[in-house]
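Have a look at the structure below before the remarks.
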Amino acid sequence: MTPVSIVLLGLAMATDAFAAALGKGAGMARPRWGEALRIGLVFGVVEGLTPVIGWLLGSAAAPFIEAWDHWVAFALLTGLGLHMIHKARPGDGTDEEPGFSANGGLLAIAITGLATSIDAMAVGVGLAFVEVNIALVAAVIGLCTFALVTIGVMAGRVLGTLVGRRAEVAGGLVLIAVGAWILYGHLQAHG
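All residue numbers for the sequence shown refer to full-length UniProt numbering, where the first residue is 1 and numbers rise by one.
Here it is, written out as structure tokens:
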């Protein structure tokens, strides 16, 4: 993966958490930087760890499906991208993230961080089938999430859910593009 695709992947993985952070910020009377940084840190750590877990699971399966691993990566990333786009549709009932109330504590924030990072775990599974430095990818995903969540909490009062939905659509499109790029690169190398 190129550095640009790694950063784009990190930003795409952070969009769910960003949308949740916008909702959190919108529900807070006066978001403070200290609290926004704490929420961003929790989300960033969780979002950075989950692709590593997925990568470990995928690595265990890689020897059994090596001949078509690029198709697995493409299918997982495309499926996740389409799911993110579908979730962003107005009126689908997913406006609120589970456990993420305006007065939620650290546990509620961590649970929400985990809920928004399941897609990152699936991406980690897909990345096990391509040559990638998972530590670097996980660090970029964690840092992007930390930054976007912190900004999202602070901007939530102003931006609300409108930007959150558009961010999820953009994240979904990026995932589909990364999956297509992996498939294209493999088919070009072996075609």
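Backbone N, C-alpha and C fix where the C-beta goes; we use that ideal spot for every residue, glycine too.
All figures in this text were calculated on a predicted structure; none of them were measured in a lab.
Can you tell me the Cα-Cα spacing of residue i and residue j, whole angstroms?
i, j, result
"Met-28", "Arg-157", "8 Å"
"Glu-35", "Ala-177", "34 Å"
"Ala-17", "Leu-148", "8 Å"
"Leu-8", "Val-174", "7 Å"
"Leu-106", "Phe-43", "11 Å"
"Leu-127", "Tyr-184", "15 Å"
"Leu-114", "Met-84", "16 Å"
"Gly-58", "Ile-111", "24 Å"
"Ala-78", "Ala-180", "Inspection of the sequence shows that residue 78 is occupied by Thr rather than by Ala. Those two C-alpha atoms are separated by around 8 Å."
"Ala-135", "Gly-124", "11 Å"
"Leu-37", "His-190", "45 Å"
"Pro-3", "Val-137", "9 Å"
"Val-46", "Pro-31", "22 Å"
"Ile-118", "Thr-15", "12 Å"
Which residue wins for smallest C-alpha separation from residue i, given the options the options?
i, options, result
"Gly-150", "Ala-67, Pro-3, Trp-33", "The amino acid occupying residue 150 in the given sequence is Thr; Gly does not appear at that position. Thr-150 has its Cα closest to that of Trp-33, out of Ala-67, Pro-3, Trp-33."
"Phe-146", "Met-13, Arg-30, Gly-126, Gly-172", "Met-13"
"Ala-20", "Ala-139, Ile-182, Val-153", "Val-153"
"Val-132", "Val-52, Thr-116, Leu-159, Pro-63", "Val-52"
"residue 194", "Val-169, Ile-182, His-190", "A question about residue 194 goes unanswered here, because the residues of the chain that appear run from 1 up to 191."
"Gly-54", "Ala-75, Ala-120, Ile-141", "Ala-120"
"Gly-48", "Ala-61, Phe-129, Ala-139", "Ala-139"
"Ile-6", "Ile-118, Ala-155, Leu-159, Gly-142", "Gly-142"
"Lys-87", "Ala-61, Trp-71, Ala-26, Thr-116", "Thr-116"
"Ile-182", "Ala-60, Ala-75, Gly-25", "Ala-75"
"Leu-56", "Leu-187, Ala-122, Leu-159", "Ala-122"
"Ala-26", "Leu-11, His-70, Ala-155", "Ala-155"
"Leu-11", "Cys-144, Trp-71, Leu-41, Ala-61", "Cys-144"
"Gln-188", "Leu-159, Thr-50, His-70, Ile-109", "His-70"
Need the endpoints of the alpha helix (DSSP H) that residue i sits in, please.
i, result
"Thr-112", "106–115"
"Met-13", "3–27"
"Trp-55", "33–61"
Round the Cβ separation of residue i and residue j to the nearest angstrom and send it over; I've been treating them as touching at under 8 Å.
i, j, result
"Gly-172", "Gly-81", "4 Å"
"Val-130", "Ala-67", "The Cβ separation is near 14 Å, so there is no contact."
| Sequence ranges, alpha helix (DSSP H) only - wholly within the stretch 128–190, length at least 4 | 134–189
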